[in-house]
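Chains as they are written, first to last, in the working numbering: chain A, 636 to 807; chain B, 596 to 1149.
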């Protein structure tokens, strides 16, 4: 089978169709890469990045984490500090007026959690010792649940809260 | 019977050794699979865990841990090492150089499995198969998993030493493709598992033993996913080995290109590992630039899968046309669909195409945030590890069990039923899971207890549980066929039996360039790429590590 030595010398050869397929495949993948690059850098899609590190044992003792909740930065911009712990978010309700841009800061004082704000692009891993940060603009009034989407122990399924976006200004 | 050139007949001892791997693998699958539908039913409102409370299995997350560990880790690792053992022996036509070494590896894996199973069953390790710190399981869980991995390394060493001896005796011959494919897979596994080994040995095990007060959870995630993504290629490449190196023969044809098949495997070695941050797009503690680089490299690892699609389909078309198949796509009907070995792999390949498309979505730096930690993700990997891999392993089992036991496959027609049942069940199940994920349903959550489930999910939840029920029927039938085949009295008569399937390449493998048959250049490139893509972040995360997150039992 493989023992018969042919006169031909070894060479890299591919069938013409196969070559065409390789070109198409590479073209397709490069198109995907460009799409991601444009989305990530030109259109400003954000993913969480590297923020400050904290000590999970003491983080809740000092500001800003000693008073979790909403901070009004003016101009319709807010910072929301949310602590995740087995099996609740603190605070469990956040109320903002429609049109607000809210930057969420999350950390955990025990195990890993998740923070997914339903029907938005906010979806973060919450890791003890780290701070997760993403911003979202609320263009419509309504109630948006945030749920823990990383297994954190027996009561994981009940861990949730909600952002109430009010039609008229005056929330906070 | 092997081919006519055979100088070495696979011995009874070899066969029993391979069979022992399969026994553990299928036993694990049969237990682990029971918990999948329980989860599906719980999601759709039918909570059966109360019935299992008297036997200590009433906890959803204990069941989820059992399902993940047994199906994703034990079924795969034992099946793969057993299958590869036979690939080495029958592919090189020589015995293992040090059979004792391979035996030691196997028994190490078995000891590890038992050691990990005890805390899992007693509820001291309900941390799921990702065991993210600071969730803390019993030390026996971590040590057991470590032994399973180390045992698989030892079996790998046995393969490398057998290959080295063959290479010495055959310096100018291209190594058989299937043997090269198995070795590349084991080498990739060996490098990839260093991440998890460092995580367990420097953090999880010392914390479990009380030697350190805490761990660094983000560093733990980085080390876990160094291993976690190549882990899926460790599952997938043995199926690819069969699709390239055996399926063409089983379908009545030849391997379309030996050269491209080898290239694909080398590219998997090169690109499987430096892509782990695409599992951490939603993580804090990893700079966005590194996430972006891994996103781009992940598109790179899709390339060898695209090559595989071409070569495997071309090989199948050749086989089908030889069998009289006609037409642009009509040839597909001429494939031997009645042979369950073939239909399992064909259906696995079809499901995998959907899995691959979903994988491209997961890899996308930005789009990933829509689906991260949602039901989409298990929906995706049930198309990969639970379809491309598991259904292919079903197909391989239909010849491998008869091969190692010397007994004919019990009720071949029922094996065909298994394949189609799995295919239909998985289509329903995974489609529902993908949709649920897009709607925001979280993965690995006891959803029946959750206060936030909207009405619009309920139809999909029901559909998902119907899929799960169908899959349970499929796997139960598979286990019955496997057991009835192995434990029946009937044996092959003289002249009967199963041939070890090796697909011949259309072009003489001797014409494949030498650089596609040598480890050195590819190993160097692999290490260099890992250092470039992971080195700076690993250095950064290790230098800034704070082991200050105290362990917490779930």
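Note that beta-carbon positions come from the ideal geometry of N, C-alpha and C, so glycine has one too.
### Query
Can you find a C-beta in chain A that's less than 9 Å from the C-beta of residue 965/B?
Here residue 965/B corresponds to residue number 370 of the second chain, with the count starting at 1. Chain A contact via Cβ: present.
### Task
Tell me whether residue 1129/B sits in a helix, a strand or coil according to DSSP, three-state version.
Locating residue 1129/B in the second chain gives position 534, counting from the first residue. Helix.
### Message
Please give me, in chain order, every unbroken run of the alpha helix (DSSP H) with length at least 4 that falls completely inside the stretch 661-707 of chain B.
### Response
671-687
### Integer-rounded CB distance, given that residue 740/A should sit under 8 Å from residue 766/A
For the purposes of this step, residue 766/A is taken as residue 131 along the first chain, with counting starting at 1. For the purposes of this step, residue 740/A is taken as residue 105 along the first chain, with counting starting at 1. Their Cβ separation, rounded to whole angstroms, is 6 Å, which keeps residue 766/A and residue 740/A in contact under 8 Å.
### Query
From the DSSP output, which residues share a beta bridge with residue 934/B?
For the purposes of this step, residue 934/B is taken as residue 339 along the second chain, with counting starting at 1. For residue 934/B, which the question treats as bridged, DSSP gives no partner whatsoever.
### The alpha helix (DSSP H) enclosing residue 794/B, as first and last residue numbers
Working through the second chain from its first residue, we reach residue 794/B at position 199. First-last of the alpha helix (DSSP H) with residue 794/B: 789-794.
### Query
Going straight from the alpha carbon of residue 674/B to that of residue 616/B, what length do you get?
Along the second chain, one-based indexing puts residue 674/B at 79. Along the second chain, one-based indexing puts residue 616/B at 21. The straight-line gap from Cα to Cα measures roughly 6 Å.
### Message
List, in chain order, every chain B residue whose beta-carbon is nearer than 9 Å to that of residue 677/A.
### Response
By one-based count along the first chain, residue 677/A stands at place 42. Result: empty, since nearest Cβ-Cβ is about 11 Å, beyond 9 Å.
### Chain-ordered residues of the stretch 882-895 of chain B with a beta carbon less than 7 Å from chain A
882, 883, 886, 887, 890, 891 and 894
### Query
Which residue's Cα is closest to the Cα of residue 670/B: 725/B, 839/B, 984/B and 940/B?
Sequence index remark: in the second chain, residue 670/B carries index 75 (1-based). For residue 670/B, the nearest C-alpha among the options comes from 984/B.
### Message
I want to see whether chain B comes within less than 9 Å of residue 776/A, judged by CB atoms only; does it?
### Response
Your numbering for residue 776/A matches position 141 in the first chain. Taking Cβ atoms only, chain B never reaches closer than 9 Å to residue 776/A, which makes this a no.
### Query
What do you reckon, are the CB atoms on residue 831/B and residue 787/B nearer than 9 Å?
Taking the first residue of the second chain as 1, we reach residue 831/B at position 236. Taking the first residue of the second chain as 1, we reach residue 787/B at position 192. No. Outside cutoff.
### Query
CA-CA distance, residue 786/A and residue 729/B?
Working through the first chain from its first residue, we reach residue 786/A at position 151. Working through the second chain from its first residue, we reach residue 729/B at position 134. The alpha-carbon atoms of residue 786/A and residue 729/B are separated by roughly 12 Å.
### Task
Return the CA-CA distance between residue 734/B and residue 1046/B, expressed in angstroms with no decimal places.
Residue mapping note: residue 734/B aligns to position 139 of the second chain, counting from 1. Residue mapping note: residue 1046/B aligns to position 451 of the second chain, counting from 1. If I take the Cα positions, the gap works out to 34 Å.
### Task
Taking residue 847/B and residue 918/B to be in contact with their CB atoms under 8 Å, please state how far apart those CB atoms are, rounded to whole angstroms.
For the purposes of this step, residue 847/B is identified with residue 252 of the second chain, where counting begins at 1. For the purposes of this step, residue 918/B is identified with residue 323 of the second chain, where counting begins at 1. So it is a contact: roughly 6 Å between Cβ atoms.
### Task
Residues of the stretch 778-793 of chain A with a CB closer than 7 Å to any CB of chain B: list them in chain order, please.
780, 782, 784, 785, 786, 788, 789, 791, 792 and 793
### Task
Evaluate the contact criterion for the stretch 846-864 of chain B versus the stretch 928-945 of chain B: three or more CB pairs, one atom per stretch, below 8 Å.
yes
### Message
Need the endpoints of the beta strand (DSSP E) that residue 772/A sits in, please.
### Response
Stepping through the first chain from its first residue, residue 772/A is reached at position 137. Counting along the chain, the beta strand (DSSP E) containing residue 772/A begins and ends at 767-772.
### Task
Using three-state DSSP, classify residue 803/A as helix, strand or coil.
As a first step, residue 803/A must be located in the first chain, where it is residue number 168. Coil.
### Task
Could you have a look at residue 1003/B and say whether DSSP puts it in helix, strand or coil?
Locating residue 1003/B in the second chain gives position 408, where the first residue counts as 1. Of the three classes helix, strand and coil, the one that applies to residue 1003/B here is coil, per DSSP.
### Query
Quick one: does residue 649/A have its CB under 9 Å from some CB of chain B?
Taking the first chain and counting its residues from 1, the one referred to as residue 649/A is at position 14. Judged by the 9 Å Cβ criterion, residue 649/A is in contact with chain B.
### Task
Could you tell me whether any Cβ in chain A is nearer than 9 Å to the Cβ of residue 875/B?
Working through the second chain from its first residue, we reach residue 875/B at position 280. Judged by the 9 Å Cβ criterion, residue 875/B is in contact with chain A.
### Task
Decide yes or no for the touch test of the stretch 735-745 of chain B against the stretch 706-726 of chain B: beta carbon pairs closer than 8 Å, at least 3 of them.
yes
### Message
What does the alpha-carbon distance come out to for the pair residue 868/B and residue 896/B?
### Response
In the second chain, the residue the question calls residue 868/B occupies position 273. In the second chain, the residue the question calls residue 896/B occupies position 301. Each residue's alpha carbon lies about 9 Å from the other.
### Query
Terminal residues of the continuous alpha helix (DSSP H) containing residue 745/B?
As a first step, residue 745/B must be located in the second chain, where it is residue number 150. Where residue 745/B is concerned, the enclosing alpha helix (DSSP H) stretches over 734-764.
#### Entry: C-beta atoms of residue 815/B and residue 798/B nearer than 9 Å
For this step, residue 815/B is matched to residue 220 along the second chain. For this step, residue 798/B is matched to residue 203 along the second chain. Going by C-beta atoms, residue 815/B is nearer than 9 Å to residue 798/B.
### Query
How is the beta strand (DSSP E) around residue 736/A delimited, first residue to last?
Along the first chain, one-based indexing puts residue 736/A at 101. Element bounds for residue 736/A: 736-743.
#### Entry: Proximity below 9 Å, CB of residue 631/B to CB of residue 716/B
If you number the second chain from 1, residue 631/B lands on position 36. If you number the second chain from 1, residue 716/B lands on position 121. No, they are not a contact pair.
### Query
How would you label residue 1130/B, buried or exposed, when you count the other beta carbons within 10 angstroms and need 16 or more for buried?
To locate residue 1130/B, count along the second chain from 1; it is residue 535. Exposed.
### Query
Is it a yes or a no for the stretch 624-640 of chain B touching the stretch 1066-1074 of chain B, going by three-plus beta-carbon pairs under 8 Å?
yes
### Message
Against residue 901/B, what residues of chain A qualify as contacts under a CB-to-CB distance less than 7 Å, listed in chain order?
### Response
As a first step, residue 901/B must be located in the second chain, where it is residue number 306. In chain order: 660.
#### Entry: Neighbourhood of residue 746/B by C-beta distance below 7 Å, restricted to the same chain and skipping five residues each side
In the second chain, the residue the question calls residue 746/B occupies position 151. Excluding residues within five positions, the ones whose Cβ falls inside 7 Å are 700, 701, 703, 704 and 707.
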